[in-house]
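Worksheet for the structure shown next.
Numbering (the working numbering), first residue to last: 63 to 389.
This is the structure:
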């Protein structure tokens, strides 16, 4: 029989993602509904080591569900890889008599949670939060829907200028080493072409494709995934100009994709994940993360370091976009 959990802490780590606050709110209020004391940790794992912990209540998470970012603040903290540093975190949690920890973040954050669980008797559960949607083990991560809607709004506005002035644009979106964000906004935004790392297209191939247009375009948009090289669109634009003397203006949407009011979908999924994180901990689960697929939350192992990031495998989306864009 598992020991009952009396106190749960929650922290956010790594990059922020819209919907994190909805997840925090769900963890806190689900804990309170089950007679568990919730605690918030400021500034991620660094704040945990430095004892930045405070008791939370219903009011602590009031009026935050619609806010982007994270009310608990977040930081990256490479020092947590050190067992001696992690032991300081264990000591802090034990000092507060905290039994379990919920970590909202991505791959790096989950590695920290996994190592903490293996080093101590602290139970840990992760809630996947990243706009890149690239965590192995779950088809969806909190923040992705908001980010793609933010990027799509930008593309729609850029299109107004592109066609008013007969101008071509390269629009670069985030996504780290995956193309989920670029593929979705490219397809939904009517992009002439989408460049993603999973289906590597060289600049030479892109130039050949542009040159083989079946009709004169009044303006066009190509969506480019950053592919671990933010700003690469500027070099692509220069290469196109040099090869076929066509100007492509560059718009790097950047970190605007990480902010803003979370969508209905992200608020809903974050709320479900936060609720289930507490419930799975109460059921004795630990050293796991919450996944989400087709309206259902499930518990699964943290991704292994060797597994790398999840990447887009649906090549049909790429083919569909090529047909619909009518290049």
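Every residue gets a Cβ at the ideal spot worked out from N, C-alpha and C, and that includes glycine.
Quantities reported herein were computed from a predicted structural model and do not represent experimental measurements.
Cβ-Cβ distances below 6 Å link residue 321 to 130 in the same chain, with the five nearest sequence neighbours on each side left out; the list follows chain order. Taking C-beta separations shorter than 8 Å and ignoring five residues to either side along the sequence, the partners of residue 252 in its chain run 221, 283, 386, 387, following chain order.
Residue 202 carries a coil assignment under DSSP once its states are collapsed to helix, strand and coil. The C-beta of residue 370 has fewer than 16 other C-beta atoms within 10 Å across all chains shown, which makes the residue exposed. Cβ-Cβ distances below 7 Å link residue 210 to 243, 246, 247 in the same chain, with the five nearest sequence neighbours on each side left out; the list follows chain order. A straight-line Cα-Cα distance of about 12 Å links residue 325 and residue 82.
Per the coordinates, the alpha-carbon of residue 219 lies some 22 Å from the alpha-carbon of residue 294. With a minimum length of 4 residues, the unbroken runs of alpha helix (DSSP H) contained wholly in the region 262-286 fall at 265-273. Around the beta carbon of residue 275, fewer than 16 other beta carbons sit within 10 angstroms, so the residue counts as exposed.
Rounded to whole angstroms, residue 77 and residue 361 show a C-alpha spacing of 22 Å.
When only Cα atoms are considered, residue 343 and residue 173 end up about 18 Å apart. Per DSSP, reduced to three states, the secondary structure at residue 169 is helical. Residue 101 carries a strand assignment under DSSP once its states are collapsed to helix, strand and coil.
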